[in-house]
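Protein chains in written order, with numbering that gives the first Met the number 0: chain S, 0 to 476; chain D, 0 to 476. For every residue, glycine included, the Cβ atom is placed at its ideal position computed from N, Cα and C. All remarks here apply to the structure that follows.
Protein chains: 2
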Amino acid sequence: MRSSLESIGFLLNPKSVAIIGASEDPSKLSGLLIPNLLRGGFKGKIYPVNPRRDSVLGFTCYRNVKEIPDEVDAAVIAVPQPIVPQCIEECAEKRVKVAVVVSAGFGETGEAGKKLEQDMIQLARKADMRICGPNCEGCISMTYGVRLSTMIPLNPKAGDIAVITQSGGIGEFIISALWNRGIGISHWISTGNEADLTLSDYLEFLVHDEHTRVIVIFVEGIRNGMKFKKVARMAMEQEKPIVALKVGKSEKGKITALSHTGALSGVDEVYDAVFKQFGVVRVNYLEDLIVAASAFSWQPPLKGNRICVISLSGGMACLWADNLSEAGLELPNFSNNTIAELKKLLPSTAVIKNPLDLTAVAFFENIERLDDFLSLLAEEGDAILLYIPDLVLTDEKLMEILIKQVQNGIIRAAEKLRMLGKPFFLCTTSGTTTKYSTFVNALVEKKIPVLSPREVVVAVKAMWLNYKFRRKMGECG
Amino acid sequence: MRSSLESIGFLLNPKSVAIIGASEDPSKLSGLLIPNLLRGGFKGKIYPVNPRRDSVLGFTCYRNVKEIPDEVDAAVIAVPQPIVPQCIEECAEKRVKVAVVVSAGFGETGEAGKKLEQDMIQLARKADMRICGPNCEGCISMTYGVRLSTMIPLNPKAGDIAVITQSGGIGEFIISALWNRGIGISHWISTGNEADLTLSDYLEFLVHDEHTRVIVIFVEGIRNGMKFKKVARMAMEQEKPIVALKVGKSEKGKITALSHTGALSGVDEVYDAVFKQFGVVRVNYLEDLIVAASAFSWQPPLKGNRICVISLSGGMACLWADNLSEAGLELPNFSNNTIAELKKLLPSTAVIKNPLDLTAVAFFENIERLDDFLSLLAEEGDAILLYIPDLVLTDEKLMEILIKQVQNGIIRAAEKLRMLGKPFFLCTTSGTTTKYSTFVNALVEKKIPVLSPREVVVAVKAMWLNYKFRRKMGECG
Chain S
0 MRSSLESIGF
10 LLNPKSVAII
20 GASEDPSKLS
30 GLLIPNLLRG
40 GFKGKIYPVN
50 PRRDSVLGFT
60 CYRNVKEIPD
70 EVDAAVIAVP
80 QPIVPQCIEE
90 CAEKRVKVAV
100 VVSAGFGETG
110 EAGKKLEQDM
120 IQLARKADMR
130 ICGPNCEGCI
140 SMTYGVRLST
150 MIPLNPKAGD
160 IAVITQSGGI
170 GEFIISALWN
180 RGIGISHWIS
190 TGNEADLTLS
200 DYLEFLVHDE
210 HTRVIVIFVE
220 GIRNGMKFKK
230 VARMAMEQEK
240 PIVALKVGKS
250 EKGKITALSH
260 TGALSGVDEV
270 YDAVFKQFGV
280 VRVNYLEDLI
290 VAASAFSWQP
300 PLKGNRICVI
310 SLSGGMACLW
320 ADNLSEAGLE
330 LPNFSNNTIA
340 ELKKLLPSTA
350 VIKNPLDLTA
360 VAFFENIERL
370 DDFLSLLAEE
380 GDAILLYIPD
390 LVLTDEKLME
400 ILIKQVQNGI
410 IRAAEKLRML
420 GKPFFLCTTS
430 GTTTKYSTFV
440 NALVEKKIPV
450 LSPREVVVAV
460 KAMWLNYKFR
470 RKMGECG
Chain D
0 MRSSLESIGF
10 LLNPKSVAII
20 GASEDPSKLS
30 GLLIPNLLRG
40 GFKGKIYPVN
50 PRRDSVLGFT
60 CYRNVKEIPD
70 EVDAAVIAVP
80 QPIVPQCIEE
90 CAEKRVKVAV
100 VVSAGFGETG
110 EAGKKLEQDM
120 IQLARKADMR
130 ICGPNCEGCI
140 SMTYGVRLST
150 MIPLNPKAGD
160 IAVITQSGGI
170 GEFIISALWN
180 RGIGISHWIS
190 TGNEADLTLS
200 DYLEFLVHDE
210 HTRVIVIFVE
220 GIRNGMKFKK
230 VARMAMEQEK
240 PIVALKVGKS
250 EKGKITALSH
260 TGALSGVDEV
270 YDAVFKQFGV
280 VRVNYLEDLI
290 VAASAFSWQP
300 PLKGNRICVI
310 SLSGGMACLW
320 ADNLSEAGLE
330 LPNFSNNTIA
340 ELKKLLPSTA
350 VIKNPLDLTA
360 VAFFENIERL
370 DDFLSLLAEE
380 GDAILLYIPD
390 LVLTDEKLME
400 ILIKQVQNGI
410 IRAAEKLRML
420 GKPFFLCTTS
430 GTTTKYSTFV
440 NALVEKKIPV
450 LSPREVVVAV
460 KAMWLNYKFR
470 RKMGECG
């Protein structure tokens, strides 16, 4: 049997692709496949297969996959469910290396569907063909410019976050949300029913993948627990964080998962224990998956739980102190040396402590040397958090100058902190003016996360959990 | 002594205002006061006071508040701390009805400052003058078009959410965040050190205020517990929800609050118990304060914990099932009658249960009668949740048509559900295309909340807590 690693390699980076059930109708899923491949800049060969057409979108169309006068690395099967087994059989005969089955109506519908699925897999394996799906949206690789997917026609950025989702819709949500925040992905795989290739197989590939730094998983149920544990341990050893959202905690959630991808959600406590043991950071909300993944992607690793907070609002300083404490993070008192140094910079009335309720006046007076100021704090903590309010002024000209100054000051400071290996998070009210959103975009361009107050806490907590788990595993050997 | 109710009336709706320390420098807080009043469309009289100027921004300037040839309803004092007592004295002599002290350097700095504060208050009370602050940003009333505040020059919308914050910065954050979501406020009061008028006084005013439907409070410490309880009970009896974010849970948070507004945060468990007893919905994040407040403002009250979920993604259906269950909400099974009715509408292969994993095909096929479809579900539950993915298509024209159809379908459905008295929440990926963001804006215009997956859960949970607390109080008598 062809190894899952090799097969997934063909899936994410095939040289030739057959689109079985190819259509020109953009309102059909099958009609999205070729446009998506083209939009992604696919460099390989495209072979539409559809017995009722001579060509699809300018490509010669074949009646049958077997008629294709070339090797076929990967085939996407997007035909009505009753025809799928026949297509699989033909792919097997053609010695297609890996097939994505988009079509639904298999294991998720009950016992009969499960049987059909198993027959299909048996047939495929005999021919050394591995299968992604069925009941999935396929996959996209921004690293290789390949989109074997029915995903919405969005142009994701290339980056180092890999995404595995058992749900196609959730995958689309994650990709859209990352895109909205200017964050790129290496690959995305919608695994569907996982009749053959499972989440653990894809995970193994991504742990080995040099283009991937962070892995995000949306889990309804893990089908191969032993392999999952093995691969999660490897990820931890390689310091490649895995962030997981696992559903099926509740009875309703379990039942829904079963009729969605046929996944048995299992006992939630077991998942929780396994995640903790192997350093998988678990979150409960999709938004948190995005925030945590982007923190890992854009920041140096957090190496402790000592956090320095600087806020231009005393209220926000209180709030973060509470939220961070609750998340197991500490706000250490500054050393005498740092207090002495800060005294030189700040007004005599300033109360110098952590969290530091820096006044707007002190902040703007120090904006040119914010990098020195924050580096000083970096000696006291493992990460630096900064809150600044909206930079809105009555005078448009003054506002423009101010925004530019703050922008440059923050970029310099963030770069210095990155060199020092300390994560840095900026929080501010989401852009209320166009000018302000330009400011946010300029920072995002430099991979400086601009987050909301809760998001900052979510990000730091995720990094701390990852570090704590890893440290514990190191201690256990 | 003038009652707090009457004084707060003068604060939010004065006929004449003295700006003590008025300036034309927009980089100073005192320079923001008159422009903010003008921007808000203030109809009353403005009297700048500054001994070093003859006029400020075209208004005749007085050397002293006593020289103003008119009654002064409200004065804002924005001068350096050492001069504040003298200004208070002069305002008292002038029989100013209420004064806002923006200046800092009082109770929050320790015992000496606290003494100064108390002397000031004694002086004021003798003259029947009440004080807002010190160390605050003043207040704005969108109902009366009055802005006695140093707040950022943002143009809030008028609405029915009132905001009380002990922190000025947090107040600005909340107002900005509401503005960003197209949500309006009735009034905002930044209470600062609360040397005289306290949070409970403002709360009492707002509970009586016919323009306010929801009250948001950011609390560092409550100074008059008895009054707070009395007023919170009144709010509950009037079915006016209060949403609270209380900081000072952690040691660091407590210390920070003390040096911020001089508030003693107290024992957190006591606050928690009081909030629960008097139906105050407590949240832990600023974002959740915004989401909960807007749910109360825009929706009919939730009257139970039975939730119907419709999702175009099976993964999202699982996730909501989990998140809602954890929040104490239930997803009831549909009655046989509803199942029979839904069967007529949906494809024969559809699995009809709650949460309903509605396929995209079924959704778009039913879009013209989405209102009937959702009304059917409204018989089964106390609120309806709908998730739809990004409406992005390859074909621009088709996309435009689709978006319009969905938009109209949702607006009709939301209106029908509102008439039926059932809250309705729409979740979708935040706008990835300009067209899509037009779609979101059209819904927001109709007061249909468009939320992220977690936000939907936060909103429904807040409504459920409020209902549960109220019901419990009803039972207790």
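- For S/Arg-222, not one C-beta of chain D is nearer than 8 Å to its own C-beta.
- Among the bridge pairs identified by DSSP, D/Lys-44 is matched with D/Ser-15.
- Just so you know, the alpha carbons of D/Tyr-270 and D/Leu-330 end up roughly 31 Å apart.
- Fewer than three Cβ pairs drawn from the region 5-16 of chain D and the region 456-467 of chain S lie within less than 8 Å of each other, which leaves the two stretches out of contact.
- For S/Ala-103, the closest alpha carbon among the candidates S/Lys-125, S/Cys-90, S/Cys-135 is that of S/Cys-135.
- Collapsing the DSSP output to three states places D/Asp-356 in a strand.
- Our two residues, S/Val-242 and S/Pro-354, have alpha carbons roughly 28 Å apart in a direct line.
- Residue nearest to S/Val-391 within the set D/Ser-29, D/Ile-151, D/Ala-126 is D/Ile-151 (criterion: CA-CA distance).
- Beyond the five residues adjoining it in sequence on each side, S/Leu-28 comes within less than 7 Å, by CB distance, of Ala-77, Val-101, Thr-149 in the same chain, given in chain order.
- Contact check for S/Thr-197 against S/Asn-179 fails: the beta carbons are separated by 8 Å or more.
- When Cβ pairs closer than 8 Å are counted between the two stretches, the region 3-13 of chain S is seen to touch the region 203-219 of chain S, the count reaching three or more.
- Residue pairing for S/Ile-184: DSSP places it in a beta bridge opposite S/Ile-160.
- Annotation for D/Tyr-386: the continuous beta strand (DSSP E) segment containing it runs 382-386.
- Remark: three or more beta-carbon pairs, one from each stretch, lie closer than 8 Å, so the region 367-381 of chain D and the region 332-341 of chain D are flagged as touching.
- DSSP places S/Lys-446 outside both helix and strand once states are collapsed to three, so it counts as coil.
- Counting only runs of 4+ residues, the alpha helix (DSSP H) found wholly inside the region 241-320 of chain S occupies 250-260, 267-276, 285-297, in chain order.
- Taking 3 residues as the shortest admissible run, the region 88-114 of chain S contains the following complete beta strand (DSSP E) segments, listed from N- to C-terminal end: 97-100.
- Counting C-beta pairs closer than 8 Å gives three or more between the region 123-132 of chain D and the region 184-194 of chain D, which meets the contact rule.
- Of the candidates S/Ser-258, S/Ile-351, S/Lys-467, the residue whose Cα lies closest to the Cα of S/Gly-109 is S/Ser-258.
- When 8 Å is used as the limit between beta carbons, D/Arg-453 is near these residues of chain S: Tyr-284, Leu-285, Glu-286, Asp-287, in chain order.
- Of the candidates D/Phe-295, D/Ser-3, D/Cys-90, D/Ala-157, D/Ala-157 places its Cα closest to the Cα of D/Ser-185.
- Cβ atoms of D/Lys-421 and D/Ile-383 come within 8 Å of each other, at about 6 Å.
- Considering only beta carbons, the part of the region 318-344 of chain S lying closer than 9 Å to chain D consists of Leu-318, Trp-319, Ala-320, Asp-321, Asn-322, Leu-323, Ser-324, Glu-325, Glu-329, Leu-330, in chain order.
- Cα atoms of D/Ser-175 and S/Phe-363: separation of roughly 21 Å, rounded to the nearest angstrom.
- When C-beta atoms of the region 286-296 of chain S are compared with those of the region 252-268 of chain S, fewer than three pairs fall below 8 Å, so the two segments do not count as touching.
- The three-state reading of DSSP puts D/Cys-86 in helix, counting H, G and I together.
- In the three-state scheme derived from DSSP, where H, G and I count as helix and E and B as strand, S/Arg-124 is classed as helix.
- Between the alpha carbons of S/Thr-358 and D/Ser-54 lies a gap of roughly 30 Å.
- A check of alpha carbon separations from S/Pro-81 across S/Glu-116, S/Asn-63, S/Tyr-61 identifies S/Glu-116 as the nearest.
- The criterion of a C-beta distance shorter than 8 Å is not satisfied by S/Gly-313 and D/Thr-164.
- Classified as exposed, D/Gly-473 has fewer than 16 neighbouring CB atoms from the shown chains inside 10 Å of its CB.
- By the criterion of a C-beta distance shorter than 6 Å, S/Lys-445 is surrounded in its chain by Ile-410, once the five residues flanking it on both sides are discounted.
- Within the region 129-150 of chain S, contact with chain D at the beta-carbon level (separation under 7 Å) is assigned to no residue.
- Against chain S, the CB of D/Gly-247 has a partner CB under 8 Å away; the residue lies at that interface.
- Distance from the CA atom of D/Asn-407 to the CA atom of S/Ala-320, rounded to whole angstroms, is 45 Å.
- Per the C-alpha coordinates, the member of D/Glu-107, D/Thr-59, D/Arg-417 positioned closest to S/Thr-348 is D/Glu-107.
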